[in-house]
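The next block holds one structure in the form of structure tokens; read it before the comments.
Protein chains: 2
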Amino acid sequence: MWADEIKRYDVRQLKQLAAQLREEMIGAVRENGGHLASNLGAVELILALYKAFDFPEDKLLFDVGHQAYAHKLLTGRSLSDLRKKGGASGFPDPEESEYDTFVAGHSGNSLAAGMGLCFARDLRGENYKVICLIGDASLANGMALEAIFASEQKPKNFIVVLNDNGMAIDKTNSALYRSLSKATARRCYRKFNAFLDKKLRTTSAFGRKLRRLKYTVKGWMNKNYFFERCGFKYVGPVDGHDLTELTGVLSELEKIEDPVLLHAITVKGKGFEEAEKDPTRYHGVGKNFAESENSFSVALGRLLSARAESDPSLVAVTAAMSDGVGLTEFSEKFPDRIMDAGICEEAAVTMAAGMARGGLSPVVCLYSTFLQRAFDQIVHDVCIPKLPVLFCIDRAGFVGADGKTHQGLLDISALRAVPNLNLFAPKDCAELSDVFDYARSKGLPAAIRYPNGYAPNLGGRYKISDYYLWETLSEGDGVVVLACGARAVARALEAKKIAGVANVQVVNCRSVMPLDTRLLDYFANRKIITFEEGYETGGFGAAVAEYYAQNNCTVRMKIIGAPRVFVPHATVSEQAQMYKLTAADLARKIQAFDSQP
Amino acid sequence: MWADEIKRYDVRQLKQLAAQLREEMIGAVRENGGHLASNLGAVELILALYKAFDFPEDKLLFDVGHQAYAHKLLTGRSLSDLRKKGGASGFPDPEESEYDTFVAGHSGNSLAAGMGLCFARDLRGENYKVICLIGDASLANGMALEAIFASEQKPKNFIVVLNDNGMAIDKTNSALYRSLSKATARRCYRKFNAFLDKKLRTTSAFGRKLRRLKYTVKGWMNKNYFFERCGFKYVGPVDGHDLTELTGVLSELEKIEDPVLLHAITVKGKGFEEAEKDPTRYHGVGKNFAESENSFSVALGRLLSARAESDPSLVAVTAAMSDGVGLTEFSEKFPDRIMDAGICEEAAVTMAAGMARGGLSPVVCLYSTFLQRAFDQIVHDVCIPKLPVLFCIDRAGFVGADGKTHQGLLDISALRAVPNLNLFAPKDCAELSDVFDYARSKGLPAAIRYPNGYAPNLGGRYKISDYYLWETLSEGDGVVVLACGARAVARALEAKKIAGVANVQVVNCRSVMPLDTRLLDYFANRKIITFEEGYETGGFGAAVAEYYAQNNCTVRMKIIGAPRVFVPHATVSEQAQMYKLTAADLARKIQAFDSQP
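Each protein sequence line maps, in turn, to chains C and X. The numbering of the first sequence is our numbering, which starts it at 1 and goes up by one. The numbering of the second sequence is our numbering, which starts it at 598 and goes up by one.
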């Protein structure tokens, strides 16, 4: 394993290894999809860290995992089945390797987790280094800032490596970033710094004096007191691709106890020309770098642009996932009417609340997994004052290759109980448009959830005036399948074609909150199956069971959804297979239920 | 209404008014409880704001509402029925007054909301000022920091007034605060500043030049670039109790368009000697400043101290509510084993995850309403890696006088679906201890929820080995009442004493996740009522209904809990009456259900 050998490598060997790692990463992402640009930018940093520290005794925390591929390769994991079922996860995961200190699918957690780890280490009288590798975009996340400012006394043997590539997923317009870049732009300081760094590689008394001098000089040359005030010794900026410089600095840092922030400047996509030129495109890429066309994300983007033409009050809000949720075109057409808050889901939601208070009609576009981060803002800032904010929740349901940190299985159970909030799950992109208009017409908080990937048009659409009502897509006098959400509806229709269950009635339950209670009352004497891609616990089926119980109806029903587990990476259809949620599984379950007395 | 007249007041009259407001506030809090110290500290700031700006055309946002009492009095609200049913809320609420721009029960939202409001104003071509009044403790919250750093370009006509009293609810150890206080300590700067502020009151060309000079001088005299880098003109520090200075500065600020941060130094508890001396005690106070003794909070504190004696791995984590959750004694006895993260719920939870990863056994003590702010951290940082973090959720259920922003009604529905997390609701303080030990013995993520206030010992306690099992407290062959949580169990036992329902069976359902399914199977042929102080939607009753539906049992059951609405301030027992959740209500419902065929 490279992780064991790397301590003996010289800089020339490290450079060779860097080239080899890059080659494997580009090949793997071309094959399996994944995060390319940030991973390419972190190769030398990771090599230098492994050269200087003793992992896994020392602890390395990533923030986020977009930078961890080189680390995975060094610690014996293959990328050939990256993000595939049974293969390596796209993110660090302690269950996968003892080298993965902490889960790292959502941004901004490394500093708090690392400080907690230091707290434990010091209390237990242990002795290891804790190193957090954090990107400049993640640093702007509220939780990271909370940790940075938490105490002016930072733990000893705590090293934060800031991988500063000058851009978030989209673009960085943050005050934090500008603040950093001002510091790094000071040429005279950089030169002086480079000189000192060279000298500092000696460990003599002179070296130590120089180091002290360096800090002093930095104090008035580099006007960025940001990290020093927060209890870190600030070291840098260093060239994050210069292995000579990096290994030199890190071997120095390995010897001192002070909490340090090492500021490294890197190039996103480094070593792969296409990605260097267009890192946004290569941030997170699907298989063969292709993009799904007929998807809810694309449909939402078009819808927003279309509605924005006629409605000047419509504005879009997102949090560093503008491309992912389909807002690229909108942001070009209406640059003044989009707010991308960076990786700040909390501020994004509350800014939207403020916009609504100010008379606008904001649409907040977030992935289901990241919406979780603004749960209280939805409750406190949007739903208590009943502000007309519409949440468009992308990546709801199984998300496929991104795996357990990114699943969108919790939104129904979390949001269903929030007062004043309506929740929809349209069956296809055409219905998205109707539900979108309907939800906005109410002038109340609302959310629309839909899955990622290809979404077929399911037809059978009648324009109606009330989208709280459900839609029977296929009549039948057998079991009633109450299908909630695009994938569930599509699979239920497919299941009906399977021999033996042709008499099933398929209902598109596009409104989760409120439920279509008239229809539920009507079905009370039928056998009912609820079907959804979300946790069975507290989800749509639970809502139906709860309704009948509250109304003292004893119905024969069955809830089919995802079990209450964290679902690992695989394709979306493999995930459906793993938990018996395919059309064939549904058909079997319908038959079994139908044959019960 | 004072708000209309105040523009004509001179400084002498304002001072008189300040004294009058203080008197009313002290009287009201003595009578009704509430937040005293912070409100006393903000009187002059609020008076000066009303003198300088035109509310409600200009918009004033509080962060948090602990400072809003003077504002309530100025805008025609009486404090005589403060926090009582039908009286004024303890926090700003747009439903209560057009002067209350935004909901402000949870910290850190004002800046994002204010920036959203400015975005709306500018897009709609409107013209008003947006003013956020934020305390130094709130500023350390992640959402506030996200907004501060969100963009280097802050909106015009956006004024942030930092009410810096140098302490959070408990004490401030944050780097942010130290950073501020260093700046304010520079005497020569203060003197110079005071001189300039005097001159600046003239609006002549000379005054304008002086103003420019002031910014320049400040640039190198006051080394705190923090806010300037974030796009604010920094003005201050000013004495937040000097009405002459305040009205002068604010009338200047009213005339300029630049985004400004005004740094005001105030004294918490100002004008009330007892509160000035011990502001922590007078932060949030119950009626007559008394403290409830026989409560879960007190019991938890004792329990933690007791267990910490024998278990060196036990550590406590909280977020600026150390006293409220009962940790005062623990923090004195084990100062090295408590982490108070300030108003940073996200960082607190993830730090606890880090501690658990490092071999400790952290207990995170938070109010239910604030736990909502760390929902994703619970999912991503604690439950995915199955770390042994125990959440002790105080103020679960109705919270009484704090009202709708503080209700603890969402925790069951939000947490129940989170994989790997067990959830308990002990019936009394004695059982808290058993459940606490049991949950920790599993070495898995777990949460224990319990209400505030007086909690009687309900007896009937047998030490058993498995607290996933429920406990029948009173046998009977009539309706089975599955009561979940201390208040529900107490009321169910009380209901049983009421004529006509003596044959009811009362079960203490202390484990919400997992459910005691053996017992549920056993009761499948009985009439069942579930009873809880939480939302019916997605709560404990829903879990029971869901279990029976999933297992194809058709049971006769009824779910009794709080309806899905935001519950306004009143006493806890009034809140139970409002939603028909008293013992008498339960008895009536049992009778009605029992008499059904």
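Beta carbons are placed, not taken as given, at the ideal position from N, Cα and C, and that holds for glycine. All of these numbers come straight from a predicted model, not from anything done at the bench.
For the set F566/C, E329/C and L253/C, the Cα lying nearest the Cα of N1017/X is the one of F566/C. Restricting attention to beta strand (DSSP E) runs no shorter than 3 residues, the segment 1066 to 1143 of chain X encloses them at 1068 to 1071, 1077 to 1081, 1102 to 1105, 1108 to 1110 and 1124 to 1132, ordered along the chain.
Per DSSP, the continuous beta strand (DSSP E) segment holding S361/C begins and ends at S361 to Y367. Look at P237/C here: in three-state DSSP terms it is strand.
Between F927/X and A112/C, the alpha-carbon positions lie close to 23 Å from each other. Beta-bridge pairing by DSSP links T318/C to D340/C and C365/C. As the crow flies, the alpha-carbon of L444/C is around 25 Å from that of I1009/X. For the segment 948 to 973 of chain X, the beta-carbon criterion of a distance under 7 Å to any beta-carbon of chain C is satisfied by M948, A949, A950, G951, M952, R954, G955, G956, L957, Q969, R970, F972 and D973. Rounded to the nearest angstrom, the Cβ distance from A1085/X to F1021/X is 14 Å, too far for a contact under 8 Å. Your pair A356/C and P388/C checks out as a contact, with CB atoms roughly 5 Å apart and the cut at 8 Å. Between E1133/X and the set D678/X, V640/X, G994/X and L676/X, the nearest pair of CA atoms involves G994/X.
In the structure shown, the three-state DSSP call for G34/C is strand. Annotation for I393/C: L366, Y367, S368, L371, G408, D411, A447, I448, R449 and Y450 place their beta carbon closer than 8 Å to its own, counting only its chain and skipping 5 residues before and after. Under the three-state reduction of DSSP output, L133/C falls in the strand class.
When Cβ-Cβ separations below 8 Å define contact, Y1065/X makes no contact with chain C. Interface annotation, I981/X: in contact with chain C, CB-CB separation under 8 Å. In this model, M622/X and V1169/X are separated by some 23 Å (Cα to Cα). Its Cα nearest to that of R826/X, the residue A747/X stands out among A747/X, G722/X and G687/X.
The beta carbon of F699/X falls within 8 Å of a beta carbon belonging to chain C, placing the residue at that interface. The beta carbon of W2/C sits closer than 6 Å to those of L74, all from its chain and outside the five residues before and after it, given in chain order. If you keep only unbroken alpha helix (DSSP H) runs of at least 4 residues inside the segment 396 to 434 of chain C, you get 411 to 416.
Membership of R718/X in the alpha helix (DSSP H) is indicated by the continuous run S707 to L720.
Taking 9 Å as the upper bound on Cβ-Cβ separation, chain C lies near residues S910, V912, V914, D933, R934, M936, A938 and G939 of the segment 910 to 939 of chain X. Taking a contact to require three or more Cβ pairs closer than 8 Å, the segment 25 to 38 of chain C and the segment 254 to 269 of chain C qualify as touching.
For the pair A639/X and Q664/X, the CB atoms are nearer than the 8 Å cut-off. Assignment of Y454/C by DSSP, reduced to helix, strand and coil, places it in the strand class. Taking the CA atoms as reference points, G828/X sits about 11 Å from A744/X. The Cβ-Cβ distance between R337/C and A316/C falls below 8 Å. The Cβ-Cβ distance between F1137/X and V1077/X does not fall below 8 Å.
Among the residues facing chain C, Q1147/X is included, as its CB has a counterpart in that chain under 8 Å away.
When the beta-carbon positions are compared, V1152/X and T554/C come within less than 8 Å of each other. Put simply, the segment 645 to 662 of chain X touches the segment 692 to 701 of chain X. At least three CB pairs are less than 8 Å apart.
The Cβ atoms of L858/X and F824/X sit closer than 8 Å to each other.
Annotated three-state conformation of S295/C is strand, per DSSP. Chain C has no Cβ within less than 8 Å of the Cβ of Y1119/X.
In this structure, DSSP gives C980/X a helical state, which the three-state scheme calls helix.
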